[in-house]
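A.B. asks:
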Amino acid sequence: MKSHNPQLGYALEENRVPVVRLKNCLIVSIQGTLHDRQALQLQQDILAETKHDRSAGLILDISAVPILDSYLTRVLNNIAREAQLMGTRSAIVGMRPAIAIALVTMGLEFGANIETALNLDAALELMARSDSDEQREIDS
Amino acid sequence: MIRSINKALLDQCTGGAQNKDERMPITTENDISVARDAAMRMAQECKFTLADSTSMATAVSELARNILHYAMEGTIVLSRVSESGRNGIKVTAVDSGPGIENIDEILSGGYTSKTGMGLGLLGTKRLMDQFQVDSTAGNGTKVTAIKYGR
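From first to last, the protein sequence lines are chains H and V.
Converting from the first sequence to the working numbering requires adding 3 to each position, the first position being numbered 1.
Converting from the second sequence to the working numbering requires adding 1 to each position, the first position being numbered 1.
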């Protein structure tokens with residue numbers, strides 16, 4: 004977040020969503036509903052992290068998110084699109100059924116570049132599988 | 002005893018003594034969360050299903066965000082309503098911002114702004130059972146929407 008106000012920067016730092024690297028995946032577990040600024044901060048943090056090192060996949064865990072409105076859906080879409088440009092695949096995991104119903108009712112969609120999985124386990128498996136597929140293609 | 006508890010619960014939803022409107026000013030990003038949480042709470046108090054509560058809260062979130070984004074400030078009011086035996090929640094979103102010129106186009110789905118904001122209003126309409134927009138350019142916007150429990 005571009006901020007010349009050190010206090011504001013500190014406050015934002017406090018509420019940052021951690022981006023965790025596990026093996027060659029980036030895992031982001033979003034808790035509760037993100038504020039707009041938190042969402043934009045997360046977008047930047049993920050982008051910075053994908054730049055550092057090759058990541059096979061970005062996993063966005065939203066199992067603790069009670070509500071997804073059009074803004075947050077757009078942010079998640081943008082994160083996935085940016086990650087794709089950086090050579091990282093994305094998966095959204097753990098969507099609550101009530102959110103799925105609301106999203107479909109509203110006509111909101113996730114881009115074709117976002118995969119979905121029931122839970123974190125399934126997503127890690129998905130990423131590991133596709134990563135080894137890719138490796139085989141390179142080797143052959 | 003049980004009957005009196007039931008009566009109290011019913012009053013809460015249908016307009017008994019506890020039936021109070023919740024009026025929330027929307028001037029900061031945090032107010033969006035406050036309005037959203039209040040909607041979720043009220044929906045659950047009215048025994049909405051989780052899916053309906055989530056839809057209700059999502060709609061309020063969209064309306065609050067539209068206020069903040071387009072008008073900078075406004076008000077969200079949540080009130081309990083009841084019609085032919087069904088309990089519902091009415092949300093009224095009022096602002097004195099620039100108003101919406103192409104409201105018909107937005108609600109027909111033929112328009113989304115560059116930031117995709119048009120989707121919010123159309124989405125709200127789809128999430129709610131009743132939906133009405135009164136808006137004239139330069140005179141602010143008033144959105145009224147109702148969702149009933151199953």
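C-beta atoms are modelled at their ideal positions from N, C-alpha and C, and glycine is treated no differently.
Would you check if the distance between the CB atom of Val-92(V) and the CB atom of Ala-60(V) is smaller than 8 Å?
C.D. replies: Start at 1 with the first residue of the second sequence, and residue 92(V) comes out as number 91. Start at 1 with the first residue of the second sequence, and residue 60(V) comes out as number 59. The answer is yes: Cβ separation under 8 Å.
A.B. asks: Three or more C-beta pairs closer than 8 Å, one from the stretch 20-27 of chain V and one from the stretch 25-34 of chain H: is that the case here?
C.D. replies: No: the two stretches stay apart, fewer than three of their Cβ pairs being nearer than 8 Å.
A.B. asks: Would you decide whether Val-96(H) is buried or exposed? Buried here means 16 or more other CB atoms lie within 10 Å of its CB.
C.D. replies: Taking the first sequence and counting its residues from 1, one reaches residue 96(H) at position 93. Buried: at least 16 other Cβ atoms inside 10 Å.
A.B. asks: Could you round the C-beta distance between Ala-126(H) and Ile-62(H) to whole angstroms and report it? I think they count as a contact, below 8 Å.
C.D. replies: Along the first sequence, one-based indexing puts residue 126(H) at 123. Along the first sequence, one-based indexing puts residue 62(H) at 59. About 5 Å separates the two Cβ atoms, so the contact holds.
A.B. asks: According to DSSP, Gly-75(V) sits in a beta bridge with which residue or residues?
C.D. replies: Looking up residue 75(V) in the second sequence gives position 74. Bridge partners of Gly-75(V): Ile-27(V) and Asp-96(V).
A.B. asks: Using the three-state DSSP reduction, which class does Ala-138(V) fall into: helix, strand or coil?
C.D. replies: Residue 138(V) sits at position 137 when you count from the first residue of the second sequence. Ala-138(V): coil per DSSP, three-state reduction.
A.B. asks: At 3 residues or longer, and completely inside the stretch 24-81 of chain H: list those beta strand (DSSP E) runs for me, N to C.
C.D. replies: Within the stretch 24-81 of chain H, the complete beta strand (DSSP E) runs of at least 3 residues are 28-34 and 60-67.
A.B. asks: Could you work out which residue in Ile-101(V), Lys-126(V) and Ile-27(V) is closest to Asp-135(V) when comparing CA atoms only?
C.D. replies: Reading the second sequence from its first residue, position 134 is the one you call residue 135(V). The candidate whose alpha carbon is nearest that of Asp-135(V) is Ile-101(V).
A.B. asks: Would you say Ala-115(H) faces chain V, with C-beta separation under 8 Å as the test?
C.D. replies: For the purposes of this step, residue 115(H) is taken as the residue at position 112 of the first sequence. Output row for Ala-115(H): interface = no.
A.B. asks: Return no unless some Cβ of chain H is closer than 8 Å to the Cβ of Ser-109(V).
C.D. replies: Along the second sequence, one-based indexing puts residue 109(V) at 108. Not one chain H Cβ lies under 8 Å of Ser-109(V).
A.B. asks: Run down chain H in chain order and give the residues with a C-beta less than 7 Å from the C-beta of Gly-75(V).
C.D. replies: For the purposes of this step, residue 75(V) is taken as the residue at position 74 of the second sequence. Result: empty, since nearest Cβ-Cβ is about 17 Å, beyond 7 Å.
A.B. asks: Count the other C-beta atoms from every protein chain shown that fall within 10 angstroms of the C-beta of Asn-80(H), then say buried if there are 16 or more, exposed otherwise.
C.D. replies: To locate residue 80(H), count along the first sequence from 1; it is residue 77. By the neighbour-count rule (16 or more Cβ atoms within 10 Å), Asn-80(H) is buried.
A.B. asks: Report back the beta-carbon spacing between Ser-62(V) and Asp-72(H) to the nearest angstrom; my notes put them in contact at under 8 Å.
C.D. replies: Along the second sequence, read from residue 1 onward, the residue named residue 62(V) stands at position 61. Along the first sequence, read from residue 1 onward, the residue named residue 72(H) stands at position 69. The pair is a contact, with the Cβ atoms about 4 Å apart (cut-off 8 Å).
A.B. asks: Using the three-state DSSP reduction, which class does Val-35(V) fall into: helix, strand or coil?
C.D. replies: Here residue 35(V) is taken as the residue at index 34 of the second sequence, counted from 1. Val-35(V) falls in the helix class under three-state DSSP.
A.B. asks: Give me the Cβ distance between Leu-45(H) and Val-20(H), rounded to the nearest whole Å; I'm assuming they're in contact under 8 Å.
C.D. replies: Position 42 of the first sequence, counted from the start, is the residue given in the question as residue 45(H). Position 17 of the first sequence, counted from the start, is the residue given in the question as residue 20(H). 5 Å between Cβ atoms; contact.
A.B. asks: For Ile-104(V), report the span of its alpha helix (DSSP H) as first-last.
C.D. replies: For this step, residue 104(V) is matched to residue 103 along the second sequence. Segment 104-108, the alpha helix (DSSP H) holding Ile-104(V).
A.B. asks: Identify whether Phe-21(V) lies in helix, strand or coil by the three-state DSSP scheme.
C.D. replies: Position 20 of the second sequence, counted from the start, is the residue given in the question as residue 21(V). The residue you asked about is not Phe; residue 21(V) is Lys in the sequence shown. Here Lys-21(V) sits in coil by DSSP.
A.B. asks: Is the beta carbon of Glu-118(H) less than 8 Å from the beta carbon of Leu-129(H)?
C.D. replies: Position 115 of the first sequence holds residue 118(H). Position 126 of the first sequence holds residue 129(H). Yes, they are a contact pair.
A.B. asks: Which chain H residues sit within Cβ distance under 8 Å of Thr-55(V)?
C.D. replies: Within the second sequence, numbered from 1, the residue matching residue 55(V) stands at position 54. Under the 8 Å cutoff, chain H gives Pro-69, Ile-70, Arg-99, Ala-101, Ile-102, Ile-104 and Ala-105.
A.B. asks: Kindly list the residues whose CB is nearer than 6 Å to the CB of Glu-74(V), restricted to its own chain and excluding five residues on each side of it in sequence; keep chain order.
C.D. replies: In the second sequence, the residue the question calls residue 74(V) occupies position 73. Once the five neighbours on either side are set aside, the close Cβ partners of Glu-74(V) are Thr-28.
A.B. asks: Can we count Thr-76(V) as close to the ligand FMN, meaning its CB is less than 7 Å from some heavy atom?
C.D. replies: By its list of ligands, the structure shown contains no ligand whatsoever, and the ligand FMN lies outside what it can speak to.
A.B. asks: Closest to Glu-30(V) by CA distance: which of Glu-46(V), Cys-47(V) and Leu-64(V) is it?
C.D. replies: Translated into positions along the second sequence, residue 30(V) becomes position 29. With distances taken between Cα atoms, Glu-30(V) lies closest to Leu-64(V).
A.B. asks: Return the CA-CA distance between Asp-96(V) and Asp-136(H), expressed in angstroms with no decimal places.
C.D. replies: What you label residue 96(V) is simply residue 95 of the second sequence in a count that begins at 1. What you label residue 136(H) is simply residue 133 of the first sequence in a count that begins at 1. In a straight line, the C-alpha of Asp-96(V) is about 54 Å away from that of Asp-136(H).
A.B. asks: From the beta carbon of Gly-121(V), is the nearest beta carbon of chain H less than 8 Å away?
C.D. replies: Along the second sequence, one-based indexing puts residue 121(V) at 120. True, the Cβ-Cβ gap to chain H drops below 8 Å.
A.B. asks: Establish whether the CB of Glu-30(V) and some CB of chain H are separated by less than 8 Å.
C.D. replies: Counted from its first residue, the second sequence places residue 30(V) at position 29. Answer yes: the Cβ-Cβ gap between Glu-30(V) and chain H drops below 8 Å somewhere.
A.B. asks: Here's the rule I'm using: 16 or more other beta-carbon atoms within 10 Å means buried, otherwise exposed. How should Arg-127(V) be labelled?
C.D. replies: For the purposes of this step, residue 127(V) is identified with residue 126 of the second sequence, where counting begins at 1. The residue in question, Arg-127(V), is buried, as its Cβ has 16 or more Cβ neighbours within 10 Å.
A.B. asks: Could you please give me the residues that DSSP links to Gln-87(H) through a beta bridge?
C.D. replies: Taking the first residue of the first sequence as position 1, residue 87(H) is located at position 84. According to DSSP, which records beta bridges pairwise, Gln-87(H) is partnered with nothing at all.
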